[in-house]
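Numbering (this note's numbering), first residue to last: 470 to 687. This report concerns only the one structure given below.
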Ligand SMILES: C[C@@]1(CC(=O)O)c2cc3[nH]c(cc4nc(cc5[nH]c(cc(n2)[C@H]1CCC(=O)O)[C@@](C)(CC(=O)O)[C@@H]5CCC(=O)O)C(CC(=O)O)=C4CCC(=O)O)c(CCC(=O)O)c3CC(=O)O
Ligand SMILES: NC(=O)C1=CN([C@@H]2O[C@H](COP(=O)(O)OP(=O)(O)OC[C@H]3O[C@@H](n4cnc5c(N)ncnc54)[C@H](O)[C@@H]3O)[C@@H](O)[C@H]2O)C=CC1
């Protein structure tokens with residue numbers, strides 16, 4: 470499987486099954502997509518901004534649900550393997566992405582897995598174990614949350630420095646060198662993590678140093 474980041478803005482995600490797993494997937498996708506959850510019962514969980522539709526489609530009804538809701542992705546999260554199977558089949562027939570929550574290891578070609586995710590906006594790290602050990606994905610996600618502290622701010626620093634340098638007489642090679650030095654600077658990481666310096670200040674310092682050393686170099 471190959472990891473990709475997919476933009477679900479303005480897309481519909483249909484979750485079939487309203488248990489704890491359906492709720493988790495609904496929350497996940499509702500941060501961006503319009504999420505519909507269809508289920509005869511709903512767990513007492515947070516479903517994000519998802520719209521809850523009380524119904525119990527049988528396997529034959531599933532294609533009509535996909536036709537009616539036209540999702541970009543459908544999540545099969547019921548406790549009924551036959552329904553989950555019908556969701557996968559109907560999605561494949563229509564070229565719709567499908568995530569099956571009750572299957573690991575051997576997967577249907579074309580299926581998608583939902584990874585554990587660490588977000589330090591705009592930085593995203595996704596972890597998967599080939600479906601073998603979701604608990605390990607969760608554990609690693611918790612470990613990485615600490616490692617990534619400050620990475621979002623560092624991304625904004627790099628982006629700001631790069632944009633500023635583009636407006637000056639600085640070669641692309643030199644620009645790359647400066648941005649790489651910033652990312653590799655323990656002092657900048659410490660400053661961002663401890664809050665002794667913020668993004669605009671660091672950008673100003675880096676550009677000031679660059680001007681002091683005379684700008685472009687051979
Ligand atoms: C294949 C996959 C399909 C999919 O759902 O996309 C799948 C399948 C299954 N998960 C199962 C169990 C658990 N899943 C979790 C947690 C998460 N599971 C997630 C993803 C995935 N789970 C995909 C593979 C990802 C990968 O490659 O690693 C995460 C990362 C993302 C998310 O779901 O949002 C989220 C952590 C989010 C976070 O916290 O960061 C926990 C831990 C807990 O609940 O505390 C447990 C109990 C412990 C355990 O068993 O490991 C079972 C067994 C059911 C049973 O035996 O009854 C199956 C089905 C099977 O294995 O047959
Ligand atoms: N991917 C993951 O992280 C995990 C996956 N699983 C698997 O995912 C499945 C779902 O897990 P839980 O939410 O804990 O199960 P659950 O049994 O609590 O919930 C299943 C939900 O599906 C609904 N449902 C039943 N028939 C339906 C139908 N015809 N149409 C729509 N909805 C229907 C039920 O009303 C219930 O809300 C489990 O069977 C298990 O195999 C379990 C744990 C973690």
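Glycine included, every Cβ here is placed at the ideal spot set by N, Cα and C. Fair warning: this is a prediction, and the values are worked out from it, not measured in the lab.
Taking Cβ to Cβ, would you say residue i is nearer than 8 Å to residue j?
i: residue 484; j: residue 494; result: yes
i: residue 553; j: residue 571; result: yes
i: residue 510; j: residue 487; result: yes
i: residue 634; j: residue 587; result: no
i: residue 505; j: residue 538; result: yes
i: residue 512; j: residue 492; result: yes
i: residue 639; j: residue 672; result: no
i: residue 661; j: residue 619; result: yes
i: residue 557; j: residue 577; result: yes
i: residue 626; j: residue 594; result: no
i: residue 496; j: residue 516; result: yes
Give the single residue among the options whose Cα lies nearest to the Cα of residue i.
i: residue 470; options: 580, 586, 607; result: 580
i: residue 480; options: 497, 541, 532, 534; result: 541
i: residue 498; options: 510, 584, 528; result: 584
i: residue 560; options: 546, 672, 532; result: 532
i: residue 482; options: 555, 550, 568; result: 568
i: residue 599; options: 573, 555, 527; result: 573
i: residue 610; options: 602, 596, 517; result: 596
i: residue 527; options: 677, 632, 555, 624; result: 555
i: residue 562; options: 543, 549, 550; result: 543
i: residue 628; options: 642, 648, 637, 636; result: 648
i: residue 676; options: 522, 515, 644; result: 644
With 16 other CB atoms within 10 Å as the buried threshold, where does residue i fall?
i: residue 688; result: What is shown of the chain runs 470 to 687, which leaves residue 688 out entirely.
i: residue 667; result: exposed
i: residue 646; result: exposed
i: residue 448; result: As displayed, the chain neither begins before 470 nor continues past 687, which places residue 448 out of reach and without an answer.
i: residue 473; result: exposed
i: residue 604; result: exposed
i: residue 615; result: exposed
i: residue 653; result: exposed
i: residue 489; result: exposed
i: residue 686; result: With a pLDDT of 47 at residue 686, under the threshold of 50, the predicted position of this residue should be treated as unreliable, though the coordinate-derived value follows. With fewer than 16 other Cβ atoms within 10 Å, it is exposed.
i: residue 434; result: Nothing in the structure corresponds to residue 434, since the chain is present only between 470 and 687.
i: residue 545; result: buried
i: residue 519; result: buried
i: residue 622; result: buried
Check: Taking only runs of the alpha helix (DSSP H) that begin and end inside the segment 525-556, which ones reach a length of at least 4 residues, in chain order?
Finding: As far as the segment 525-556 is concerned, its whole alpha helix (DSSP H) runs of at least 4 residues are 531-538.
Check: Enumerated in chain order, which unbroken segments of the alpha helix (DSSP H) with a length of 4 residues or greater are wholly contained in the segment 589-616?
Finding: Runs of the alpha helix (DSSP H) inside the segment 589-616: 603-616.
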